[in-house]
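**Student:** One structure, pasted below without further comment.
Following this line, the structure appears as C-alpha cells:
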C-alpha cells in the first residue's frame with residue numbers, strides 16, 4: 001500500500017530533496033519554508049542535521065499536508081540513505097540548469113535507483129525533476145543550452161518521469177517553486193487514488209493509505225536514531241561527525257494556511 005496517511009480528512013505526504021551537494025537544495029528548501037509561512041523562513045537551514053517544513057495546500061478539494069525534508073550535509077552518511085527514502089511519497093530531484101554542470105543531472109540516475117531500492121512502496125513513488133536556474137537571462141537558443149535540454153529529455157524518457165513533472169525554478173526569486181511543489185502533490189495524490197481504486201472497493205478507497213501513519217515528526221523515529229548512532233560511531237573513530245551535543249536535531253516549520 002501507499003506510504004501516505006489520511007487523518008481527519010487531511011492527506012499527509014512526505015517528500016525528500018535529492019541531488020548533489022551545491023545544486024541548491026537548501027535554497028529551494030528555504031523558499032518552501034517561506035511558502036509554508038514559517039517564522040524562521042529567512043533563517044538558513046542547518047547543514048549538520050535534517051530539516052523539515054510542513055507545507056499545506058488544497059488539491060482537487062482535498063486538504064494536503066506535506067512534510068518536506070532537506071538532508072543538508074548528511075548525504076555523506078551513506079548508511080542513512082535508506083532512511084531518507086523509506087517512507088517518502090515523492091522525491092524532488094534537483095540539478096543545476098547550467099550546461100557546464102551536466103554532472104548534476106546525470107548523477108540523478110543513482111538517486112532514482114536508491115530511492116526505488118529503499119522505498120517500502122516503490123510502485124507508488126513519484127519523482128519530479130527541478131532545474132535550479134540561477135541565471136534567468138541566459139539565451140535559451142545557445143548550442144550549450146540545447147545540449148542540456150537534450151540530456152534532460154533523455155533522463156525524463158529513460159526514467160519515465162512525465163514532462164509535466166519537470167520544472168525550472170529559481171529559489172532566489174521564487175520563480176516556479178510553488179507550481180513545482182503543487183504539481184508534485186497532484187501527481188502523488190493521483191498515484192495514490194489510482195492505486196486504491198485498483199485494489200480496494202469504493203468504500204475502502206475512501207480510507208486509502210492509512211496503513212502507514214508513522215510520522216517523521218516522532219523524535220524517536222528510526223531515522224533520527226540512526227543519525228545519532230552514525231554520528232557516535234564516526235565520532236568514536238576520530239571523525240568530525242557532530243557539530244553539537246546529542247546529535248542532529250530536526251527542525252520543522254508549520255504552515256499557517
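In the UniProt record's numbering, the protein residues as written are 1 to 257. Glycine is no exception: its CB is placed at the ideal position from the N, C-alpha and C atoms.
#1: Whole angstroms are fine: how far does the CA of residue 194 sit from the CA of residue 242?
#2: If you draw a straight line from the C-alpha of residue 163 to the C-alpha of residue 130, how long is it?
#3: At the level of alpha carbons, what is the spacing between residue 145 and residue 92?
#4: Determine the DSSP secondary structure at residue 188, reduced to helix, strand or coil.
#5: Are residue 58 and residue 126 touching if we call contact CB-CB under 8 Å?
#6: Identify every run of the beta strand (DSSP E) within the region 88-124, keeping only runs that are complete inside it and at least 3 residues long; order them along the chain.
#7: Helix, strand or coil for residue 266? Go by DSSP, reduced to three states.
#8: Find the nearest neighbour of residue 26 within the set 101, 170, 13, judged by alpha-carbon distance.
#9: Measure the Cβ-Cβ separation of residue 94 and residue 19 and say whether it is below 8 Å.
#10: Considering only DSSP beta bridges, list what residue 132 is partnered with.
#11: Which of the three DSSP states, helix, strand or coil, is assigned to residue 28?
#12: Measure the C-alpha to C-alpha separation of residue 65 and residue 186 and round it to an integer number of angstroms.
#13: Alpha carbon to alpha carbon, how far is residue 147 from residue 69? Give it in angstroms, no decimals.
#14: Around the Cβ of residue 83, are there at least 16 other Cβ atoms within 10 angstroms (buried) or fewer (exposed)?
#15: Which of the three DSSP states, helix, strand or coil, is assigned to residue 71?
#16: If distances are taken between C-alpha atoms only, which option among 117, 133, 128 comes closest to residue 157?
#17: Rounded to a whole number of angstroms, what is the C-alpha to C-alpha distance between residue 314 and residue 15?
#18: Kindly indicate which residue of 36, 182, 50 has the alpha-carbon position closest to the one of residue 165.
#19: Could you have a look at residue 36 and say whether DSSP puts it in helix, strand or coil?
**Tutor:** Reading from the atomic positions:
#1: What you label residue 242 is simply residue 242 of the chain shown in a count that begins at 1. What you label residue 194 is simply residue 194 of the chain shown in a count that begins at 1. Because residue 242 carries a pLDDT of 41, less than 50, the predicted location of this residue cannot be relied on, and the following value inherits that uncertainty. Going by the C-alpha atoms only, they are around 43 Å apart.
#2: The residue you call residue 163 lines up with position 163 of the chain shown. The residue you call residue 130 lines up with position 130 of the chain shown. C-alpha separation (whole angstroms): 11 Å.
#3: Indexing the chain shown from 1 puts residue 145 at position 145. Indexing the chain shown from 1 puts residue 92 at position 92. Looking at the two C-alpha atoms, the distance is approximately 22 Å.
#4: Counting from 1 along the chain shown, the entry for residue 188 is found at position 188. DSSP places residue 188 in helix when its eight states are reduced to three.
#5: Here residue 58 refers to the residue found at position 58 of the chain shown. Here residue 126 refers to the residue found at position 126 of the chain shown. No; because the gap between Cβ atoms is not below 8 Å, this pair is not in contact.
#6: 90-96
#7: No answer is possible for residue 266: the residues shown for the chain start at 1 and end at 257.
#8: To locate residue 26, count along the chain shown from 1; it is residue 26. Ranking the options by Cα distance to residue 26, first place goes to 170.
#9: As a position in the chain shown, residue 94 is number 94, starting the count at 1. As a position in the chain shown, residue 19 is number 19, starting the count at 1. Yes. Within cutoff.
#10: Numbered from its first residue, the chain shown carries residue 132 at position 132. DSSP, once it has assigned bridges, lists 96, 169 as partnering residue 132.
#11: Here residue 28 refers to the residue found at position 28 of the chain shown. Helix, per DSSP.
#12: For this step, residue 65 is matched to residue 65 along the chain shown. For this step, residue 186 is matched to residue 186 along the chain shown. C-alpha separation (whole angstroms): 12 Å.
#13: Position 69 of the chain shown, counted from the start, is the residue given in the question as residue 69. Position 147 of the chain shown, counted from the start, is the residue given in the question as residue 147. If you draw a straight line from the Cα of residue 69 to the Cα of residue 147, it is about 31 Å long.
#14: Position 83 of the chain shown, counted from the start, is the residue given in the question as residue 83. By the Cβ neighbour-count rule, residue 83 is buried, with 16 or more other Cβ atoms within 10 Å of its own.
#15: Against the chain shown, residue 71 aligns to sequence position 71. Note: residue 71 maps to coil in three-state DSSP.
#16: By 1-based counting over the chain shown, the position of residue 157 is 157. Selected option, being the one with the closest Cα: 128.
#17: Any property of residue 314 remains undetermined from this structure, which presents the chain solely from 1 to 257.
#18: Residue mapping note: residue 165 aligns to position 165 of the chain shown, counting from 1. When each option's Cα is compared against that of residue 165, the closest is 182.
#19: For the purposes of this step, residue 36 is taken as residue 36 along the chain shown, with counting starting at 1. Note: residue 36 maps to coil in three-state DSSP.
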